[in-house]
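Residue numbers (our numbering): 6 to 385.
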Amino acid sequence: MLSDPSTPHVYARLGVKPVINGVATVTRLGGSRMPPEVMRAMAEGAEAFVDLRELQRAVGRELAHLTRNEAAYVCCGAAAGITLAAAACIAGTDSEKRARLPDTTGIPNEVIVYRRTRTGFDYAIRMAGGRLVGIGPEGDGRTHPEELEAALSDRTAAMFLFPRGEIDRGELPLEQAVSICQARGIPVVVDAAAQIPPASNLWSYTERGADLAIFSGGKGLRGPQSSGLVVGRRALVDAVAFHGPPDPFIGRGMKVGKEEMCGLLAAVEWYLSQDEQALLERYEQQVESVIRRLEGVQGLAVRRVFPSEAGQPIPRAEVCVDEEATGVGAGEVLVRLRQGTPSIELASGPQGRIWINPQTLEPGEEAAIAEGILQTLRRA
Ligand SMILES: *Cc1c(COP(=O)(O)O)cnc(C)c1O
6 MLSDPSTPHV YARLGVKPVI NGVATVTRLG GSRMPPEVMR AMAEGAEAFV
56 DLRELQRAVG RELAHLTRNE AAYVCCGAAA GITLAAAACI AGTDSEKRAR
106 LPDTTGIPNE VIVYRRTRTG FDYAIRMAGG RLVGIGPEGD GRTHPEELEA
156 ALSDRTAAMF LFPRGEIDRG ELPLEQAVSI CQARGIPVVV DAAAQIPPAS
206 NLWSYTERGA DLAIFSGGKG LRGPQSSGLV VGRRALVDAV AFHGPPDPFI
256 GRGMKVGKEE MCGLLAAVEW YLSQDEQALL ERYEQQVESV IRRLEGVQGL
306 AVRRVFPSEA GQPIPRAEVC VDEEATGVGA GEVLVRLRQG TPSIELASGP
356 QGRIWINPQT LEPGEEAAIA EGILQTLRRA
């Protein structure tokens, strides 16, 4: 903790209630909490002026080494990484094209995506002038290799993948998509924003042939909330930097401070020094402890579910609220938890389900959540 106990905490002074976040590393609740090592690196980075490009190159070299990639680049969040990667795939390192984006008249700008994996984040591709071309079914079903073959043309700039860890949504195996695209010289970019843990994803997508992989700095890595990491092939990472800040082109509004660069490097060093197996075991214990506290309570059905909503190897506790038995619906439970002190945020699912994700809980916070749920039922 860097806060000074002799003065009111900044959130108390502002009248903003701190939240126990049992949802996930979601941006609307602040993503994650930085360990002291990261806060110190940011504070140190704030102490002097530096040549920002030189710092970006130096931090990039270290991050490339740590993540076993040819090259790495710090952006201001995974969504910014997606935009810069799309710009890099569409305009490369051509100054004239860079200055025209998002106008792509006469420039190949089609980006292949699986229809089933479309997310709001593909706005970040369109923002750079990319035009999305969907393959595969909208709903259940698999994508066939011929559909990818048929979608590729001289208008194609890239293929972007949005994997969800262990959740299979009918995508082609990564290696197969890569081999089809690369035979035509089309780069493959993986949005892996929320795919840590496991740490091995820092190298596994690119080892399996993807040209770039993009991670949030402020989710599982617990780096600065406004940071992101792009890793992969040197030429493409250089093209990402070409479109990025501080130059006044598409990436100028996505600027990265020296503090975030230092902080993200410290976060990756910190994360890789952690015992990930022990961390995953702690998540299991937290889920088990919630289940033990709530099972047997009239009107609640509790169980462990796996993997997490992002397909990460993280268990969650699922609490199913029977409104007839408890007198209060799951939606009302969530509202009361949010309005309580401390305020608790949990995720809601279909048919009275509530999910508790331990990834953003410090040890002990799971007990506060279980007590909070019991209290909302007592008040019912
Ligand atoms: C969170 C997320 C992003 C955006 O990441 P930021 O670092 O918040 O910009 C992009 N794609 C996916 C799949 C995400 O989960």
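Each residue gets a CB set at the ideal place from its N, CA and C atoms; glycine is no exception.
Task: Residues bridged to ARG62 [DSSP beta-bridge criterion] - done: Stepping through the sequence shown from its first residue, residue 62 is reached at position 57. DSSP lists no beta-bridge partner residue for ARG62.
TODO: Would you kindly work out how many angstroms separate the C-alpha atoms of VAL310 and TYR210, rounded to a whole number?
DONE: Numbered from its first residue, the sequence shown carries residue 310 at position 305. Numbered from its first residue, the sequence shown carries residue 210 at position 205. Going by C-alpha positions, VAL310 is about 26 angstroms away from TYR210.
- [ ] Please report the residue range of the beta strand (DSSP E) in which VAL43 lies.
- [x] Counted from its first residue, the sequence shown places residue 43 at position 38. For VAL43, no beta strand (DSSP E) encloses it; the enclosing alpha helix (DSSP H) starts and ends at 41 to 50.
Task: Residue span of the beta strand (DSSP E) that contains LEU305, given as start and end - done: Indexing the sequence shown from 1 puts residue 305 at position 300. That run of the beta strand (DSSP E) goes 305 to 310.
Task: Contacting residues, own chain, Cβ-Cβ under 8 angstroms from LEU157 (five flanking each side not counted) - done: Here residue 157 refers to the residue found at position 152 of the sequence shown. The residues are ILE117, ILE185, CYS186, ARG189 and ILE191.
- [ ] Within 10 angstroms of the Cβ of ALA84, are there 16 or more other Cβ atoms? Answer buried if so, exposed if not.
- [x] Taking the sequence shown and counting its residues from 1, one reaches residue 84 at position 79. Buried, by the Cβ-count rule.
Task: THR381: first and last residue of the uninterrupted alpha helix (DSSP H) it sits in - done: Against the sequence shown, residue 381 aligns to sequence position 376. For THR381, the enclosing alpha helix (DSSP H) starts and ends at 370 to 383.
Task: beta strand (DSSP E) segments (min. 3 residues) lying fully within the segment 226 to 292 - done: 233 to 237
Task: Euclidean distance between Cα positions of VAL15 and GLY144 - done: Locating residue 15 in the sequence shown gives position 10, where the first residue counts as 1. Locating residue 144 in the sequence shown gives position 139, where the first residue counts as 1. Rounded to the nearest angstrom, the two C-alpha atoms are 46 angstroms apart.
Open item on the list: Let me check one thing: in DSSP terms, what residues is PHE220 bridge-paired to?
Closed with: Sequence index remark: in the sequence shown, residue 220 carries index 215 (1-based). Beta-bridge pairing links PHE220 to LEU234.
TODO: Spatial neighbours of GLU152 within its chain, please: CB distance less than 7 angstroms, with the 5 preceding and 5 following residues excluded, ordered by chain position.
DONE: By 1-based counting over the sequence shown, the position of residue 152 is 147. Taken in chain order, the residues that qualify are ILE140 and GLY141.
Open item on the list: If distances are taken between C-alpha atoms only, which option among TYR276, GLY258, ILE359 and PRO347 comes closest to ALA129?
Closed with: The residue labelled residue 129 in the question sits at position 124 within the sequence shown. Considering only alpha carbons, the answer is GLY258.
Open item on the list: Buried or exposed, going by whether 16 or more other CB atoms sit within 10 Å of the CB of VAL340?
Closed with: Residue 340 sits at position 335 when you count from the first residue of the sequence shown. With fewer than 16 other beta carbons inside 10 angstroms of its own, VAL340 counts as exposed.
Task: ligand 1 heavy atom lying under 6 angstroms from the CB of ASP216 - done: Mapped onto the sequence shown, residue 216 falls at position 211. Remark: the C-beta of ASP216 is outside contact range of ligand 1, defined as less than 6 angstroms to any heavy atom.
Task: Buried versus exposed call for VAL21 [16 or more other C-beta atoms within 10 Å across all chains shown] - done: Working through the sequence shown from its first residue, we reach residue 21 at position 16. Exposed, by the Cβ-count rule.
Open item on the list: Here's the rule: buried if 16 or more other CB atoms are within 10 angstroms of the residue's CB, otherwise exposed. What is THR148?
Closed with: Counting from 1 along the sequence shown, the entry for residue 148 is found at position 143. The residue is buried, with at least 16 neighbouring Cβ atoms inside 10 Å.
Task: Simplified DSSP state of VAL31, which is helix, strand or coil - done: Locating residue 31 in the sequence shown gives position 26, counting from the first residue. In the structure shown, VAL31 adopts coil according to DSSP, grouped into three states.
- [ ] Determine the extent of the alpha helix (DSSP H) in which VAL326 is found, giving its start and end residues.
- [x] Along the sequence shown, read from residue 1 onward, the residue named residue 326 stands at position 321. Looking at the DSSP string, VAL326 is not in any alpha helix (DSSP H); the run it does join, the beta strand (DSSP E), is 321 to 326.
TODO: Take GLY256 as the anchor and find which of GLY332, ALA90 and GLY228 has the nearest alpha-carbon.
DONE: Looking up residue 256 in the sequence shown gives position 251. Measuring from the Cα of GLY256, the nearest candidate turns out to be ALA90.
Task: Cβ-heavy atom distance, SER221 to ligand 1, below 6 angstroms - done: On the sequence shown, position 216 is the one that residue 221 refers to. Yes - ligand 1 has a heavy atom lying nearer than 6 angstroms to the Cβ of SER221.
Open item on the list: Under 8 angstroms: do the segment 241 to 256 and the segment 98 to 107 share three or more Cβ pairs, one atom per stretch?
Closed with: yes
Task: Backbone CA spacing between TYR78 and PRO203 [nearest angstrom] - done: Counting from 1 along the sequence shown, the entry for residue 78 is found at position 73. Counting from 1 along the sequence shown, the entry for residue 203 is found at position 198. Distance between the alpha carbons of TYR78 and PRO203 is about 20 angstroms.
Task: Host beta strand (DSSP E) of THR161 (start-end) - done: Numbered from its first residue, the sequence shown carries residue 161 at position 156. Note, THR161: beta strand (DSSP E), 161 to 166.
Open item on the list: Whole angstroms are fine: how far does the CA of VAL28 sit from the CA of GLY336?
Closed with: For the purposes of this step, residue 336 is identified with residue 331 of the sequence shown, where counting begins at 1. For the purposes of this step, residue 28 is identified with residue 23 of the sequence shown, where counting begins at 1. Cα-Cα distance, rounded: 15 angstroms.
- [ ] Below 8 angstroms CB to CB, which residues in the same chain sit around LEU366 once its five sequence neighbours on both sides are set aside?
- [x] Within the sequence shown, residue 366 is the residue found at index 361, counting from 1. Sequence-distant Cβ neighbours of LEU366 in its own chain, meaning closer than 8 angstroms and more than five residues away, are ILE25, ASN26, GLY27, GLN291 and ILE374.
Open item on the list: What does DSSP give as the partner residue(s) for ASN26 in the beta ladder?
Closed with: The sequence position of residue 26 within the sequence shown is 21, counting from 1. Its beta-bridge partners are GLU350.
Open item on the list: Please tell me whether CYS94 and GLY233 are closer than 7 angstroms, where the distance is taken between their beta carbons.
Closed with: Here the question's residue 94 lines up with position 89 in the sequence shown. Here the question's residue 233 lines up with position 228 in the sequence shown. Contact flag unset, no.
Task: Spatial distance of GLY82 from GLY222 (CA atoms) - done: The residue you call residue 82 lines up with position 77 of the sequence shown. The residue you call residue 222 lines up with position 217 of the sequence shown. Rounded to whole angstroms, GLY82 to GLY222 spans 7 angstroms at the Cα level.
Open item on the list: For ARG38, which residues in the same chain have their Cβ closer than 7 angstroms to its Cβ, ignoring the five residues on either side in sequence?
Closed with: Here the question's residue 38 lines up with position 33 in the sequence shown. Excluding positions up to five away in sequence, the list reads ARG227.
TODO: Assign SER8 to one of two classes, buried (16 or more other C-beta atoms within 10 Å of its C-beta) or exposed (fewer than that).
DONE: One-based indexing of the sequence shown puts residue 8 at position 3. Per the 10 Å Cβ criterion, exposed.
Task: Among THR124, ILE361 and ASP280, the one whose alpha carbon lies nearest that of PRO320 - done: The residue given as residue 320 occupies position 315 in the sequence shown. Nearest of THR124, ILE361 and ASP280 to PRO320, Cα basis: ILE361.
Open item on the list: At a cut-off of 6 angstroms, would you count ALA156 as near ligand 1, judging by its Cβ distance to the nearest heavy atom?
Closed with: Locating residue 156 in the sequence shown gives position 151, where the first residue counts as 1. No, since every heavy atom of ligand 1 falls outside the 6 angstroms radius drawn around the Cβ of ALA156.
TODO: Note down, in chain order, each residue of its chain lying with its Cβ closer than 7 angstroms to the Cβ of MET47, except the 5 sequence neighbours on either side.
DONE: Reading the sequence shown from its first residue, position 42 is the one you call residue 47. The residues are PRO229, GLU264, CYS267 and GLY268.
TODO: Between the Cα of TYR276 and those of PRO13, VAL338 and ILE201, spot the shortest distance and give me the residue it belongs to.
DONE: Stepping through the sequence shown from its first residue, residue 276 is reached at position 271. Looking at the Cα atoms, ILE201 is the closest of the given residues.
Open item on the list: Once DSSP output is grouped into helix, strand and coil, what is the label at ASP9?
Closed with: Taking the sequence shown and counting its residues from 1, one reaches residue 9 at position 4. Here ASP9 sits in coil by DSSP.
Open item on the list: Assuming contact is defined by CB atoms lying nearer than 7 angstroms, are GLY316 and GLY170 in contact in what I supplied?
Closed with: Along the sequence shown, one-based indexing puts residue 316 at 311. Along the sequence shown, one-based indexing puts residue 170 at 165. Yes. Within cutoff.
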